[in-house]
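Numbering (mature numbering (1 follows the signal peptide of the UniProt record, and there is no 0)), first residue to last: -19 to -1, 1 to 103.
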């Protein structure tokens, strides 16, 4: 009985550890490269690109304008086609983005894999 209880307890602990996602602000993202996170920030600027290999795509800079932004949220064609986002109205809005932090050309980014991973508030 004790062994069964111990196994059940360990299973719960391991499960909780794997399902936990870090929530952080943009100034902390550099320490979380290659990790799944939830990031909160304020849009400092956004730009849509209509040409290029993965166009259309949308880049959303959080907390500071490019090139000083600590994090760029990226929406590629597959996600952007499902969204109704006007990039000209994003500046100043609060954003919560979920995904994996990566580095592209020396800059931190978070690629949105599905639309549900991006929440835009006021």
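We put the CB at the ideal spot given by N, CA and C, even for glycine.
Rounded straight-line distance, which links the Cα of residue 22 to that of residue 80: In a straight line, the C-alpha of residue 80 is about 14 Å away from that of residue 22.
Check whether the stretch 25 to 36 and the stretch 87 to 100 touch, using three or more Cβ-Cβ pairs below 8 Å as the test. No, the stretch 25 to 36 does not touch the stretch 87 to 100.
Going by other Cβ atoms of all chains shown within 10 Å of its Cβ, with 16 needed for buried, is residue 60 buried or exposed? Around the beta carbon of residue 60, 16 or more other beta carbons lie within 10 angstroms, which makes this residue buried.
Classify residue 47 as helix, strand or coil using the three-state DSSP reduction. Looking at residue 47 - three-state DSSP - the assignment turns out to be coil, as it is neither helix nor strand.
According to the Cβ coordinates, are residue 67 and residue 53 closer than 8 Å? No. Outside cutoff.
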